[in-house]
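Residue numbers (the working numbering): 5 to 143.
In this text, a Cβ means the ideal position worked out from N, Cα and C, and glycines have one as well.
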């Protein structure tokens with residue numbers, strides 16, 4: 005028997021593909037039978053493949069955003085902002101004055117690394133993929 009690493013990997017890939025394709029119908033049936041997608045997500049169009057910048061929003065998250073936006077005209081946003089800031093400060097054992105809002109995580113991280121003089125100071129920035137892909141954990 006002529007056995008090579010290439011032949012082994014090719015065979016392994018073939019078996020994996022066949023296994024996935026053979027159970028794909030039963031997997032789709034079980035997900036659809038639970039009605040998970042329609043209960044938690046609106047009708048989706050297109051594919052969302054490895055895109056942390058834009059991904060499907062759950063119905064619950066969309067409702068929360070809608071509730072917040074509808075309350076903006078009532079003038080309550082300042083009270084909500086102060087309340088959330090105070091609660092978060094308590095959570096991380098900080099003062100309210102040490103907490104601020106950033107329009108995005110990316111901008112906040114860039115401001116912090118710039119204030120610390122990184123990477124020009126020779127420091128190292130260490131991150132993990134969960135910072136961008138944590139939404140997958142809820143799926």
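{"Asked": "Mapping DSSP to helix, strand and coil, what is residue 96?", "Found": "coil"}
{"Asked": "Rounded to a whole number of angstroms, what is the C-alpha to C-alpha distance between residue 89 and residue 65?", "Found": "20 Å"}
{"Asked": "Run through DSSP, which three-state label would residue 74 get?", "Found": "helix"}
{"Asked": "DSSP on residue 85, reduced to helix/strand/coil?", "Found": "helix"}
{"Asked": "What is the DSSP secondary structure of residue 47, counted as helix, strand or coil?", "Found": "coil"}
{"Asked": "Does DSSP classify residue 127 as helix, strand or coil?", "Found": "coil"}
{"Asked": "I need the boundaries of the alpha helix (DSSP H) containing residue 116, first residue and last residue.", "Found": "109-119"}
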